[in-house]
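Q: Chains as they are written, first to last, in the working numbering: chain G, 167 to 612; chain C, 63 to 740.
1. Quick check on residue 493 of chain G: buried or exposed, where buried means 16 or more other Cβ atoms within 10 Å of its Cβ?
2. Measure from the C-beta of residue 13 of chain C to each C-beta in chain G and report whether the shortest distance is under 8 Å.
3. So residue 91 of chain C and residue 78 of chain C are in contact, right, with Cβ under 8 Å, and what is the actual spacing, rounded?
4. Taking residue 572 of chain C as the reference, give the member of G:291, G:177 and G:473 with the closest Cα.
5. According to DSSP, simplified to helix, strand and coil, what is residue 558 of chain C?
6. Is the Cβ-Cβ distance between residue 231 of chain G and residue 198 of chain G less than 8 Å?
7. Pick out whichever of C:300, C:283 and C:194 has its Cα sitting closest to the Cα of residue 6 of chain C.
8. Check whether the segment 392 to 408 of chain G touches the segment 444 to 464 of chain G, counting contact only when three or more Cβ pairs, one atom from each stretch, lie closer than 8 Å.
9. From the beta carbon of residue 563 of chain C, is the nearest beta carbon of chain G less than 8 Å away?
10. For chain G, find out if any of its Cβ atoms is closer than 8 Å to the Cβ of residue 550 of chain C; answer yes or no.
11. Alpha carbon to alpha carbon, how far is residue 268 of chain G from residue 363 of chain G? Give it in angstroms, no decimals.
12. What's the gap between the Cα of residue 729 of chain C and the Cα of residue 655 of chain C?
13. Compute the Euclidean distance between the alpha carbons of residue 336 of chain C and residue 566 of chain C, then round it to the nearest angstrom.
14. Would the beta-carbon of residue 666 of chain C fall within 8 Å of that of residue 642 of chain C?
15. Taking three-plus beta-carbon pairs below 8 Å as touching, is the segment 351 to 364 of chain C in contact with the segment 307 to 318 of chain G?
16. Which ranges does the beta strand (DSSP E) cover as unbroken runs of at least 3 residues, wholly within the segment 435 to 460 of chain C, from first to last along the chain?
17. Return yes when the Cβ of residue 468 of chain G is within less than 8 Å of the Cβ of residue 253 of chain G, no when it is not.
18. Listed in chain order, which residues of the segment 397 to 408 of chain G have Cβ atoms closer than 9 Å to some Cβ of chain C?
19. Report the option in C:377, C:414 and C:436 whose CA atom is closest to the CA atom of residue 396 of chain C.
20. What does residue 517 of chain G pair with, by DSSP beta-bridge criteria?
21. Where are the alpha helix (DSSP H) runs, 4 residues long or more, that stay fully inside the segment 513 to 578 of chain C, in chain order?
22. Anything in chain C within Cβ reach of residue 323 of chain G, meaning under 9 Å, just list it in chain order.
23. Determine, for residue 338 of chain C, whether the minimum Cβ-Cβ distance to residues of chain G falls below 8 Å.
24. According to DSSP, simplified to helix, strand and coil, what is residue 591 of chain G?
25. Which residues in the same chain as residue 581 of chain C place their Cβ atom closer than 7 Å to its Cβ, once the five residues preceding and following it in sequence are excluded?
26. Ends of the alpha helix (DSSP H) at residue 614 of chain C?
27. Closer than 8 Å, CB to CB, is residue 419 of chain C near chain G or not?
28. Name, please, each residue of chain G whose Cβ falls closer than 9 Å to the Cβ of residue 332 of chain C.
29. For residue 68 of chain C, does the count of other Cβ atoms within 10 angstroms reach 16, so buried, or fall short, so exposed?
30. Cβ of residue 391 of chain C less than 8 Å from any chain G Cβ?
31. Output, in chain order, the set of chain G residues within a Cβ distance shorter than 8 Å of residue 346 of chain C.
32. If you scan the segment 248 to 305 of chain G from start to end, which runs of the beta strand (DSSP E) of 3 or more residues do you find wholly inside it?
33. Using a Cβ-Cβ distance under 8 Å, would residue 476 of chain G count as near chain C?
34. What's the gap between the Cα of residue 355 of chain C and the Cα of residue 321 of chain C?
35. Only counting the same chain, and skipping five residues up and downstream in sequence, which positions put a Cβ closer than 7 Å to that of residue 619 of chain G?
36. Decide if the segment 301 to 315 of chain C is in contact with the segment 273 to 292 of chain C; the criterion is three or more beta carbon pairs, one per stretch, under 8 Å apart.
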């Protein structure tokens with residue numbers, strides 16, 4: 167099937183999208199995956215997922231031999247992850263979950279990542295990322311924030327790029343987060359314009375760009391083509407579709423500077439498949455159109471360079487992670503979130519989901535060094551000598567078992583590297599949080 | 063023969079084959095595991111028996127003599143390039159238009175830099191491993207004179223009046239001022255540590271000399287590297303300008319107007335626990351800018367980007383119109399192109415506080431870097447044509463010169479210098495060693511912490527178990543092939559293990575080396591890295607009187623009072639020649655309270671004079687301090703009976719140690735050019 171284009175098709179009008187639950191967005195009922203041979207004079211469509219009630223989100227393996235996708239066998243079935251051999255078109259079920267599993271992506275090293283609906287006290291209720299072997303074994307939860315994670319892809323550096331939206335205590339706009347396949351070193355990759363939503367997976371092109379669709383408040387059924395630089399994602403946003411009327415739904419890389427897009431003109435009811443010239447920012451001719459079906463999420467069947475297979479520092483026999491902050495008073499002066507006074511912070515409160523994990527006085531140089539219960543989400547707020555909040559609480563953080571992380575300051579400029587300075591806190595033993603952990607986990611704090 | 067008999071014979075052969083195959087394979091597995099100290103290396107005989115063989119014949123057959131162009135000069139009319147080929151000890155003369163080599167002129171050992179006199183008739187080539195400068199008549203293409211210098215000559219400059227040659231002595235950390243009329247060294251000025259690059263200000267008044275090593279500090283104190291400013295008229299040091307939190311300042315260039323001096327530099331994060339690579343937590347790379355007004359204000363700007371790093375910046379040149387600077391980012395095979403007007407804008411518009419933060423900001427490069435141009439392997443020296451329209455790039459590990467159009471910023475040609483076409487396994491290893499492609503987001507190469515395959519003089523917080531523990535003094539990689547085990551705790555019995563899976567988890571934080579790459583890097587480290595000759599303390603094998611007295615003390619078994627020194631407390635017991643290590647582990651009572659309890663791998667002492675600071679955590683600034691400050695309990699050798707003069711003699715003897723080949727061979731004169739270059 168090399169060279170063929172595989173995409174999701176859905177009949178009729180698209181339903182209103184819910185970016186929080188994924189309904190009608192990552193879950194597309196009554197959808198199917200088809201293959202298009204665009205080389206033939208007359209386009210031929212082959213349905214690959216006969217026998218499934220819904221099937222969407224196709225991703226091709228790096229050797230071009232297989233495809234993974236999310237599907238429901240029958241109406242009201244749990245969504246599961248499936249893999250199809252593109253030679254013989256036989257499909258096999260990978261996950262056998264009691265909760266919905268969607269948005270799979272191939273990791274290097276014979277594993278895959280996917281989003282699974284989860285409800286528990288750490289993540290509250292939302293979609294978390296899981297990884298497993300390609301045969302479905304060795305399942306690992308890798309995210310622990312009260313966020314919804316959707317639409318993952320793998321960057322060439324080996325990290326997972328995922329749309330993440332804070333759900334608790336308040337809902338926030340979706341943003342691209344990046345993390346290692348073991349869940350460690352999660353950090354912000356890209357944040358859209360205020361009020362916008364990330365609408366599609368972010369795909370890395372072979373010329374160092376990440377391309378995706380970003381919607382705005384007025385349109386939740388599509389959006390614009392956005393390109394950012396891998397090298398500097400937070401400050402390189404370019405709207406490639408500026409000036410083009412109509413909506414874009416999904417995107418992928420076709421070849422150098424040529425993109426595959428799902429596009430719907432103002433005159434059309436359905437999304438069709440088009441080529442898009444990224445360099446000249448122009449929409450090409452339609453590759454495939456069907457008046458009855460929307461064409462969504464197209465991928466080309468081809469061999470691709472395998473991303474780096476990153477080593478893991480996670481050690482499941484350890485139940486803590488380490489966090490070092492160089493100076494809590496180092497903040498981004500441009501930030502709108504620096505709330506109160508100009509007072510200097512002298513302590514931090516580490517706040518868990520439902521309770522405080524502890525208040526810690528920082529060192530004179532503003533540094534702190536914590537050993538925190540792993541896989542437990544927390545936020546940090548800084549406080550002055552009167553106990554008044556100076557900044558925070560910040561974003562959710564979690565540490566994987568044995569993970570070691572550092573931050574330069576609190577809500578600092580994300581492009582700032584640490585000063586080459588020995589933090590006073592590193593000359594002491596770490597402060598263990600929650601403070602009662604020693605009692606709770608006797609002999610297990612290591 | 064009957065079919066049945068054939069089947070029986072075939073069956074017997076198969077059975078015998080299986081009987082040999084399985085036990086044979088098991089034996090081979092055990093053998094490879096033992097030799098590599100890992101259990102997953104493929105059963106490849108060539109890995110050890112060819113690639114890392116110390117056998118001279120095998121080594122000669124599998125390796126090759128590469129040229130390794132390092133620095134260049136362009137003739138005044140722009141028609142010729144003079145290329146220093148470091149590994150074949152030659153100056154290669156190249157016809158630029160025809161892209162062909164015209165001539166090769168033999169110079170001294172391990173040449174470093176070349177400079178032409180004003181009329182372009184004479185070339186001066188610094189020979190780093192023979193402590194002299196070759197004077198070449200370019201019309202005749204012959205060496206007409208040799209000028210004696212200090213130790214390890216590298217960067218060169220000529221006074222405006224053409225009367226003096228300034229030679230930077232890297233190993234001696236000083237500057238030779240040579241009177242070109244008398245051909246004598248007129249004076250020697252102390253510079254910062256490990257200097258290399260030098261440039262005269264356009265008005266000819268001040269000579270700037272870069273340093274590669276930071277000044278010694280105890281761990282935790284800020285890093286300072288000196289820029290030495292010399293009054294070119296009085297030939298006296300004006301001052302040492304401190305460049306904070308930086309080192310490895312390789313080269314420097316002035317804008318034509320002289321308003322800015324710009325140097326390459328590395329900003330290591332050695333005082334921070336090695337928690338992560340993300341966010342520039344391990345190593346940054348950039349340029350320093352010294353404004354000539356504003357009392358010589360120093361600003362540092364990173365060349366790196368948030369998810370892409372440009373390690374090991376080596377050379378910098380500025381176009382005659384003062385608009386662009388080019389930096390060879392040698393660890394990622396790129397030329398970073400800088401808009402100097404953009405830098406001027408940043409300097410003019412930014413508050414001092416902002417400028418300070420820029421030195422740690424990965425986004426600032428987007429304001430002044432206008433392009434990254436891909437090159438061949440390991441771009442080093444740069445040279446501009448006289449009209450500034452062409453940039454020549456010495457691709458050290460490609461044996462080629464790239465030609466870049468400085469207006470279109472496109473590569474328009476390549477000059478093949480005629481090195482071996484075949485890329486040997488060791489050469490591939492050298493490329494890997496110098497390239498940051500095997501660390502997460504290319505943040506650093508092996509070379510970054512081991513410049514010139516040696517060490518950077520820094521102590522790192524490797525954050526093994528907890529932070530603030532187990533500080534580690536970087537060790538040299540020169541001639542370590544026979545000195546296993548490795549690491550201060552001796553836990554790695556082979557380089558295979560040292561650079562294996564754990565190496566990627568702890569240090570490079572990206573996919574581990576493939577076995578082919580691992581073979582290559584092991585091959586290079588085990589066979590291809592030589593010590594420079596110890597011309598400073600032992601040029602010809604004849605020890606000084608002090609060193610001879612020191613040798614007696616080193617070898618002694620009785621103390622000054624006639625008492626027997628326990629065998630395990632004698633220098634010679636743990637540090638026997640030729641490697642000056644018995645390859646064992648020992649407790650020398652230097653564990654810090656912040657160290658995990660370990661025994662130390664007894665280090666080899668060859669060329670120990672060039673490896674300061676000393677001890678596993680770099681606490682001793684000098685060899686003397688090992689005993690005068692940190693070894694007073696006599697557990698690191700019995701020395702406390704010694705007089706001050708005796709201790710000085712012992713230290714002088716230690717400084718005389720050379721590469722192991724000199725300790726074994728009859729030849730006492732050090733010839734560093736008798737090996738394959740890799």
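A virtual CB, placed ideally from N, CA and C, is assigned to each residue, including glycine.
A: Reading it off the structure:
1. The sequence position of residue 493 of chain G within the first chain is 327, counting from 1. Answer is buried; the Cβ neighbour count reaches 16.
2. This structure cannot speak to residue 13 of chain C, because chain C is shown only from 63 to 740.
3. The residue labelled residue 91 of chain C in the question sits at position 29 within the second chain. The residue labelled residue 78 of chain C in the question sits at position 16 within the second chain. The pair is not a contact, with the Cβ atoms about 20 Å apart (cut-off 8 Å).
4. The count along the second chain starts at 1 and reaches residue 572 of chain C at position 510. Minimum Cα distance to residue 572 of chain C is reached at G:473.
5. Numbered from 1 along the second chain, position 496 holds the residue referred to as residue 558 of chain C. In this structure, residue 558 of chain C counts as helix in the three-state DSSP scheme.
6. Here residue 231 of chain G refers to the residue found at position 65 of the first chain. Here residue 198 of chain G refers to the residue found at position 32 of the first chain. Cβ atoms of residue 231 of chain G and residue 198 of chain G: not closer than 8 Å.
7. Because chain C in this structure spans residues 63 to 740, residue 6 of chain C falls outside the shown range and cannot be described.
8. yes
9. The sequence position of residue 563 of chain C within the second chain is 501, counting from 1. Yes, residue 563 of chain C counts as interfacial toward chain G.
10. Taking the first residue of the second chain as position 1, residue 550 of chain C is located at position 488. Answer no: the Cβ-Cβ gap between residue 550 of chain C and chain G never drops below 8 Å.
11. By one-based count along the first chain, residue 363 of chain G stands at place 197. By one-based count along the first chain, residue 268 of chain G stands at place 102. Answer to the nearest angstrom: the Cα atoms are 19 Å apart.
12. Position 667 of the second chain, counted from the first residue, corresponds to residue 729 of chain C. Position 593 of the second chain, counted from the first residue, corresponds to residue 655 of chain C. Model confidence at residue 729 of chain C stands at a pLDDT of 49, short of 50, so the residue's coordinates are unreliable; what they give is reported in the following sentence. For residue 729 of chain C and residue 655 of chain C, the distance between alpha carbons rounds to 46 Å.
13. Along the second chain, read from residue 1 onward, the residue named residue 336 of chain C stands at position 274. Along the second chain, read from residue 1 onward, the residue named residue 566 of chain C stands at position 504. The C-alpha of residue 566 of chain C is placed about 13 Å away from the C-alpha of residue 336 of chain C.
14. If you number the second chain from 1, residue 666 of chain C lands on position 604. If you number the second chain from 1, residue 642 of chain C lands on position 580. Yes. Within cutoff.
15. no
16. 441 to 446 and 452 to 457
17. Position 87 of the first chain holds residue 253 of chain G. Position 302 of the first chain holds residue 468 of chain G. Not closer than 8 Å, so no.
18. In summary, the residues of the segment 397 to 408 of chain G whose CB is separated from some CB of chain C by less than 9 Å are 397, 398, 399, 400, 401 and 402, in the order they occur in the chain.
19. Working through the second chain from its first residue, we reach residue 396 of chain C at position 334. Residue C:436 is the option with its Cα nearest to residue 396 of chain C.
20. Within the first chain, numbered from 1, the residue matching residue 517 of chain G stands at position 351. Residue 517 of chain G is bridged to G:522 and G:545.
21. 557 to 560
22. Against the first chain, residue 323 of chain G aligns to sequence position 157. Within chain C, the residues near residue 323 of chain G are 369, 502, 503 and 572.
23. Counted from its first residue, the second chain places residue 338 of chain C at position 276. Closer than 8 Å to some Cβ of chain G, the Cβ of residue 338 of chain C qualifies, so yes.
24. Reading the first chain from its first residue, position 425 is the one you call residue 591 of chain G. It is helical.
25. Residue mapping note: residue 581 of chain C aligns to position 519 of the second chain, counting from 1. For residue 581 of chain C, where only same-chain residues beyond five positions count, the Cβ hits under 7 Å are 109, 113 and 487.
26. Here residue 614 of chain C refers to the residue found at position 552 when the second chain is read from its first residue. 607 to 617 is the span of the alpha helix (DSSP H), which, as asked, contains residue 614 of chain C.
27. Position 357 of the second chain holds residue 419 of chain C. Cβ-Cβ to chain G under 8 Å: yes for residue 419 of chain C.
28. Position 270 of the second chain, counted from the start, is the residue given in the question as residue 332 of chain C. Near residue 332 of chain C (Cβ distances below 9 Å), the residues of chain G are 586.
29. For the purposes of this step, residue 68 of chain C is taken as the residue at position 6 of the second chain. Flag for residue 68 of chain C reads exposed.
30. Locating residue 391 of chain C in the second chain gives position 329, where the first residue counts as 1. Output row for residue 391 of chain C: interface = no.
31. Counting from one through the second chain, the residue named residue 346 of chain C turns up at place 284. The contacting residues are 583.
32. Fully enclosed beta strand (DSSP E) runs of 3 or longer: 257 to 259, 267 to 273, 277 to 286 and 290 to 299.
33. For the purposes of this step, residue 476 of chain G is identified with residue 310 of the first chain, where counting begins at 1. For residue 476 of chain G, the answer is yes, since a Cβ of chain C falls inside 8 Å of its Cβ.
34. The count along the second chain starts at 1 and reaches residue 355 of chain C at position 293. The count along the second chain starts at 1 and reaches residue 321 of chain C at position 259. Roughly 7 Å separates the two Cα atoms.
35. Only positions 167 to 612 of chain G appear in the structure, and residue 619 of chain G is not among them; the question remains open.
36. Contact between the segment 301 to 315 of chain C and the segment 273 to 292 of chain C is present, because at least three Cβ pairs lie under 8 Å.
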